[in-house]
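Notes to accompany the following structure.
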Amino acid sequence: MRYAETGVNLEVDLTRGNIVRVQTDPRDTELYLGGLGTSAKVLWDRVPPEVEPFSPDNLLIFSAGLLCGTPATGCNRTIVSTISPQTRLMAFSMMGGFWAPELKYAGYDKVILRGQSPDLVYLWIKDDKIEIRDASHLQGKGAIETSELIRQELKEPKAQVASIGLAGENRVYFASIEQTKSSASRGGIGAVMGDKGVKAIAVRGTKDVNIARPVEFLELCQEVLEYIKFREDNPIPGVMPILAGLGSPQEMKVHDEKWHTENFMWGNSRTRRKGFWTEEIEKAWTETMENARTRLISCYNCPMECGATISMPGLPTYMMKCFSKLTYTMAAMSDLNFGLKIAQQATEYGVDGFSTPQVMAFALELYENGILTDDDMPDMPSDNEGRFYYLLDKIVRREGIGDVLANGTYWAAKEIGNGAEEYAHNNIKKHEQLPLKLSMLNPIYFLMYSTGEKINITQIEGQFPQMPFPKREQREAFVKDWFQVPDEKFKQYFLDWELRGEHSFPYYPTVEMICDIVDWQERMHYIDDALGMCAGLSSFPLKPPYHIHNYPKFISAGAGIDMDEAKLTQAAKRYRTLVRSVNIRRGMRRKDEKPPKNHWKKRFPELETELLDGYYEFKGWNKEGIPTKKTLDELGLDYVIEDFVERGILTDSEDAPSKKATAGKEQK
Ligand code: SF4
Numbered sequence: 051m052r053y054a055e056t057g058v059n060l061e062v063d064l065t066r067g068n069i070v071r072v073q074t075d076p077r078d079t080e081l082y083l084g085g086l087g088t089s090a091k092v093l094w095d096r097v098p099p100e101v102e103p104f105s106p107d108n109l110l111i112f113s114a115g116l117l118c119g120t121p122a123t124g125c126n127r128t129i130v131s132t133i134s135p136q137t138r139l140m141a142f143s144m145m146g147g148f149w150a151p152e153l154k155y156a157g158y159d160k161v162i163l164r165g166q167s168p169d170l171v172y173l174w175i176k177d178d179k180i181e182i183r184d185a186s187h188l189q190g191k192g193a194i195e196t197s198e199l200i201r202q203e204l205k206e207p208k209a210q211v212a213s214i215g216l217a218g219e220n221r222v223y224f225a226s227i228e229q230t231k232s233s234a235s236r237g238g239i240g241a242v243m244g245d246k247g248v249k250a251i252a253v254r255g256t257k258d259v260n261i262a263r264p265v266e267f268l269e270l271c272q273e274v275l276e277y278i279k280f281r282e283d284n285p286i287p288g289v290m291p292i293l294a295g296l297g298s299p300q301e302m303k304v305h306d307e308k309w310h311t312e313n314f315m316w317g318n319s320r321t322r323r324k325g326f327w328t329e330e331i332e333k334a335w336t337e338t339m340e341n342a343r344t345r346l347i348s349c350y351n352c353p354m355e356c357g358a359t360i361s362m363p364g365l366p367t368y369m370m371k372c373f374s375k376l377t378y379t380m381a382a383m384s385d386l387n388f389g390l391k392i393a394q395q396a397t398e399y400g401v402d403g404f405s406t407p408q409v410m411a412f413a414l415e416l417y418e419n420g421i422l423t424d425d426d427m428p429d430m431p432s433d434n435e436g437r438f439y440y441l442l443d444k445i446v447r448r449e450g451i452g453d454v455l456a457n458g459t460y461w462a463a464k465e466i467g468n469g470a471e472e473y474a475h476n477n478i479k480k481h482e483q484l485p486l487k488l489s490m491l492n493p494i495y496f497l498m499y500s501t502g503e504k505i506n507i508t509q510i511e512g513q514f515p516q517m518p519f520p521k522r523e524q525r526e527a528f529v530k531d532w533f534q535v536p537d538e539k540f541k542q543y544f545l546d547w548e549l550r551g552e553h554s555f556p557y558y559p560t561v562e563m564i565c566d567i568v569d570w571q572e573r574m575h576y577i578d579d580a581l582g583m584c585a586g587l588s589s590f591p592l593k594p595p596y597h598i599h600n601y602p603k604f605i606s607a608g609a610g611i612d613m614d615e616a617k618l619t620q621a622a623k624r625y626r627t628l629v630r631s632v633n634i635r636r637g638m639r640r641k642d643e644k645p646p647k648n649h650w651k652k653r654f655p656e657l658e659t660e661l662l663d664g665y666y667e668f669k670g671w672n673k674e675g676i677p678t679k680k681t682l683d684e685l686g687l688d689y690v691i692e693d694f695v696e697r698g699i700l701t702d703s704e705d706a707p708s709k710k711a712t713a714g715k716e717q718k
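Residues 51 to 718 in this note's numbering are what the sequence shown spells out, letter by letter.
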């Protein structure tokens, strides 16, 4: 009997229209857990680096996390993995909502898509009955509209539908996959779904998920619920409101946007607007949100209500994706309520709420500086809001300049030339980032930005406070009940961390301490992504209900795997290293591991080199960021060693890469 997982993957060959149920190996679950972990293994095994993102041989893997479908509160993430058209590296993007638990109840852990369908289709999974159905009548339809039409067509109001909009169909590099209540947006995974000719996957399941030791498991769930209640009653003092509580990150309940609007950049990530958040603005924004927000909603089996349905006059009701409420507004330098309007259209088109506004602001900056002209933007309206709607339409239809912009700022700048590359200044590994630019180097964030393979800062941070608390008494109070730390030393790091003086940034915490902090934060995210846990209850907020001490108990009681903290840490390290190995094999090297050039005004090049060197060594990677043979061997990844040696990435005798292998090609 398999516990927590079903032990079955669905393999769908879209070229042949073939569907096969495949029993998975339970040993893989022990080694890689599930979700992201086992998906990384599938991608390593079956997608060699020669495979282009838009190739029938690329895989698009929808995976439920290991504990999805169990009663574990907030465990509902679908992890979608593929090779990204934009970064040309492995993309793994998560969505909350209800899709993953439904897949488990239908009897499957993963849906693995390969090949390319000659015509637009959708997949209908109802327990043991699986069909590839014609979707020609859904061509061009919005993502949310598609979900509703499919539910009606199937007469299955409870079916959970993940779908793409026009952007995915047209292979826009930052196209998302949408569910009614969530989306997987980063890395252009929606474009790969469109390339495969799949408009949607609808799932309905009525089976059970087995729990190894149900009484023990339910007791653990009860403890989590009680702690959530405790944290709700005891928000963390001394931090900004959005970080004081749990959730992801309560964007729909908390209307205090002083920190975001004054610290994040506006326009094409250029302008800081200190003093923007006046009493008047706060009042107007609170009123706008209270009127627009029709209902607070939660993902499957979660009491947190982080999401909200938004109804703007004259527009259909839709679900707001957390921070998207501000990204369009700030990029367009417009009124705050503009974001609530354009996000409805963007959700139907199915685009990423971080990249899309950045791409449009980039285009407008090129226009203002004469690099793009009226010939490139015929009939463009004169106001910023109108221009954003205009560009959004052009991009998702790939019309005119929209065809170039649809590849994201990095590739678009290369194609436009004439100095455009200087304007594509907010990317990491070719992927647009949150427009957060600050004054002095933050060494913790430097490492997370540079080495994080989710290539998305908001999904790496979390466990350690972002800033020191000004007074020692405050720090002492904070560490008192900080039982989530994997080691007591973290408390000391924080206690001694000060705003100014010897024990402040950039030289304190020390390189060694920073490696520990970054590794802890990253480890928790990787565990979440294998288990299917929402980061909002685990790796993202301070003092969360899930942590390194109770996770092994959840896995043991839920999946029946004998787990402890050391084994869990080792498993997370194993598939984290495998993700890196997939990317190393695709050409990623040290030269790619850097934050946007102008992310901080004050930089410390020597310290940065030391940080990268120190972290690589800490992780068991060589100077190029390639996992060494020793590391791979310790993790049981001998098949990676073999491959690396065969390809000349590591030489037979040492851990140094050959010259040939460090070159890393770049082509679109
Ligand atoms: S904490 Fe929020 S985002 Fe996370 S599962 Fe719960 S409702 Fe969804």
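By construction, the Cβ of each residue, glycine as well, lies at the ideal position given by its N, Cα and C atoms.
Query - Contact under 8 Å by Cβ, Tyr439 with Gly192 - result: Taking the sequence shown and counting its residues from 1, one reaches residue 439 at position 389. Taking the sequence shown and counting its residues from 1, one reaches residue 192 at position 142. Not in contact: Tyr439 and Gly192 (Cβ atoms no closer than 8 Å).
Query raised in the report: Where does the unbroken beta strand (DSSP E) through Val248 begin, and where does it stop?
Result: Within the sequence shown, the letter at position 198 stands for residue 248. Its beta strand (DSSP E) spans residues Val248 to Arg254.
Requested in this report: List in chain order the residues whose CB is within less than 7 Å of at least one heavy atom of the ligand SF4.
Outcome: Gly124, Asn126, Gly146, Leu296, Gly297, Ser298, Ser348, Cys349, Cys352, Met354, Glu355, Cys356, Gly357, Cys584, Gly586 and Leu587
Report task. Starting from Gln272, follow the alpha helix (DSSP H) in both directions and report where the run begins and ends. Result -> Position 222 of the sequence shown, counting from 1, holds the residue named residue 272. Start and end: Pro264 to Asp283.
Query raised in the report: For Val101, which residues of its own chain have a beta-carbon under 8 Å away from its beta-carbon, when the five flanking residues on both sides are left out?
Result: Here residue 101 refers to the residue found at position 51 when the sequence shown is read from its first residue. Exclusion of the five residues before and after Val101 leaves Asp107, Asn108 and Ile133 as the residues of its chain whose Cβ lies within less than 8 Å of its Cβ.
**Report entry** Ile129 versus Gly551 - alpha carbon distance
**Finding:** Counting from one through the sequence shown, the residue named residue 129 turns up at place 79. Counting from one through the sequence shown, the residue named residue 551 turns up at place 501. When rounded, the distance between both Cα atoms is 43 Å.
Query raised in the report: Is Gln620 helix, strand or coil when you go by DSSP?
Result: Here residue 620 corresponds to residue number 570 of the sequence shown, with the count starting at 1. Looking at Gln620 - three-state DSSP - the assignment turns out to be helix.
Query raised in the report: Name the DSSP bridge partner or partners of Arg343?
Result: For the purposes of this step, residue 343 is identified with residue 293 of the sequence shown, where counting begins at 1. According to DSSP, which records beta bridges pairwise, Arg343 is partnered with Ile360.
Query raised in the report: Do Ala580 and Tyr625 have their CB atoms nearer than 8 Å?
Result: As a position in the sequence shown, residue 580 is number 530, starting the count at 1. As a position in the sequence shown, residue 625 is number 575, starting the count at 1. Cβ distance < 8 Å, so Ala580 and Tyr625 count as in contact.
Query - Cα-Cα separation, Asp177 to Pro151 - result: The residue given as residue 177 occupies position 127 in the sequence shown. The residue given as residue 151 occupies position 101 in the sequence shown. When rounded, the distance between both Cα atoms is 13 Å.
Query raised in the report: Given Asn476, which residues of its chain have a CB within under 7 Å of its CB, disregarding the five upstream and five downstream residues?
Result: The residue given as residue 476 occupies position 426 in the sequence shown. If we look at Asn476 and ignore the five residues flanking it on each side, its Cβ neighbours are Ser319, Gln408, Glu482, Gln483, Pro485 and Pro646.
Report task. Kindly list the residues whose CB is nearer than 7 Å to the CB of Pro559, restricted to its own chain and excluding five residues on each side of it in sequence; keep chain order. Result -> Counting from 1 along the sequence shown, the entry for residue 559 is found at position 509. For Pro559, where only same-chain residues beyond five positions count, the Cβ hits under 7 Å are Tyr543, Trp547 and Ile567.
Requested in this report: Please say whether Phe326 and Thr336 have beta carbons closer to each other than 8 Å?
Outcome: Here residue 336 is taken as the residue at index 286 of the sequence shown, counted from 1. Here residue 326 is taken as the residue at index 276 of the sequence shown, counted from 1. In this structure, the beta-carbon distance from Thr336 to Phe326 does not fall below 8 Å.
Query raised in the report: Going straight from the alpha carbon of Phe555 to that of Thr74, what length do you get?
Result: The count along the sequence shown starts at 1 and reaches residue 555 at position 505. The count along the sequence shown starts at 1 and reaches residue 74 at position 24. Between Phe555 and Thr74, the C-alpha separation is close to 48 Å.
Query raised in the report: Going by Cα to Cα distance, which pick from Val695, Ala252 and Gln202 is closest to Val161?
Result: The residue you call residue 161 lines up with position 111 of the sequence shown. It is Ala252 whose Cα lies nearest to the Cα of Val161.
Requested in this report: Identify whether Leu22 lies in helix, strand or coil by the three-state DSSP scheme.
Outcome: Any answer about residue 22 is impossible in this case: the structure gives the chain only from 51 up to 718.
Query raised in the report: Are the beta-carbon atoms belonging to Gly85 and Gly115 less than 8 Å from one another?
Result: Residue mapping note: residue 85 aligns to position 35 of the sequence shown, counting from 1. Residue mapping note: residue 115 aligns to position 65 of the sequence shown, counting from 1. In contact: Gly85 and Gly115 (Cβ atoms closer than 8 Å).
Report task. Give the range of the beta strand (DSSP E) segment to which Asp642 is assigned. Result -> Locating residue 642 in the sequence shown gives position 592, where the first residue counts as 1. Premise fails: Asp642 is in no beta strand (DSSP E) and is neither H nor E.
Requested in this report: Go through its chain and collect everything with a Cβ distance to Thr712's Cβ below 8 Å, but skip five positions before and after it.
Outcome: As a first step, residue 712 must be located in the sequence shown, where it is residue number 662. Because the pLDDT of Thr712 is 40, which lies under 50, any placement of that residue in the model is unreliable, and the number read from its coordinates should be weighed accordingly. These residues qualify, in order along the chain: Arg639 and Glu674.
Query raised in the report: If you count every other CB in all the chains shown that lies within 10 Å of the CB of Trp174, and 16 or more means buried, which is it?
Result: Start at 1 with the first residue of the sequence shown, and residue 174 comes out as number 124. By the neighbour-count rule (16 or more Cβ atoms within 10 Å), Trp174 is buried.
Query raised in the report: Just the Cα atoms here: how many angstroms apart are Lys375 and Leu687?
Result: Start at 1 with the first residue of the sequence shown, and residue 375 comes out as number 325. Start at 1 with the first residue of the sequence shown, and residue 687 comes out as number 637. In this structure, the alpha-carbon of Lys375 lies about 42 Å from that of Leu687.
Requested in this report: List in chain order: all unbroken beta strand (DSSP E) runs of 3+ residues lying wholly within the region 208-253.
Outcome: 210-213, 227-229 and 232-234
Query - Contacting residues, own chain, Cβ-Cβ under 6 Å from Lys308 (five flanking each side not counted) - result: As a first step, residue 308 must be located in the sequence shown, where it is residue number 258. Counting only Cβ-Cβ distances below 6 Å, and skipping sequence neighbours, we find Trp327.
Report task. Tell me whether the beta-carbon of Gln202 lies closer than 8 Å to the beta-carbon of Trp149. Result -> As a first step, residue 202 must be located in the sequence shown, where it is residue number 152. As a first step, residue 149 must be located in the sequence shown, where it is residue number 99. Not closer than 8 Å, so no.
Query raised in the report: How about the region 494-506 and the region 137-148: do they share at least three Cβ pairs that are nearer than 8 Å?
Result: yes
Query raised in the report: Between Gln516 and Ser589, is the Cβ-Cβ spacing less than 8 Å?
Result: By 1-based counting over the sequence shown, the position of residue 516 is 466. By 1-based counting over the sequence shown, the position of residue 589 is 539. For the pair Gln516 and Ser589, the CB atoms are not nearer than the 8 Å cut-off.
Query raised in the report: When the Cα of Thr123 is compared with those of Asp159, Leu268 and Gly247, which residue comes out closest?
Result: By one-based count along the sequence shown, residue 123 stands at place 73. The shortest C-alpha separation from Thr123 is found at Leu268.
Query raised in the report: At a cut of 8 Å, does the region 329-343 reach the region 360-372 through at least three beta carbon pairs?
Result: Short answer: they touch.
Query - At least 3 beta-carbon pairs within less than 8 Å: the region 444-460 vs the region 213-230 - result: yes
Report task. Helix, strand or coil for Ile421, going by three-state DSSP, please let me know. Result -> The residue labelled residue 421 in the question sits at position 371 within the sequence shown. The answer is coil: DSSP assigns Ile421 none of H, G, I, E or B.
Query - Nearest-angstrom Cβ-Cβ length linking Gly497 and Ile564, presumed shorter than 8 Å - result: One-based indexing of the sequence shown puts residue 497 at position 447. One-based indexing of the sequence shown puts residue 564 at position 514. Note that residue 497 is Leu in the sequence shown, not Gly. Confirmed, about 6 Å.
Report task. For Asp426, I'd like the list of residues in its chain whose CB is within less than 6 Å of its CB, leaving aside the five on either flank, ordered along the chain. Result -> Here residue 426 refers to the residue found at position 376 when the sequence shown is read from its first residue. Ile451, listed in sequence order.
**Report entry** Nearest-angstrom Cα separation, counted from Pro536 out to Trp570
**Finding:** Here the question's residue 570 lines up with position 520 in the sequence shown. Here the question's residue 536 lines up with position 486 in the sequence shown. Each residue's alpha carbon lies about 8 Å from the other.
**Report entry** Presumed contact (8 Å Cβ cut-off) between Pro244 and Ile200, rounded CB distance
**Finding:** Along the sequence shown, one-based indexing puts residue 244 at 194. Along the sequence shown, one-based indexing puts residue 200 at 150. Residue identity differs from the one stated: residue 244 is Gly in this sequence, not Pro. Their Cβ separation, rounded to whole angstroms, is 16 Å, which puts Gly244 and Ile200 out of contact at 8 Å.
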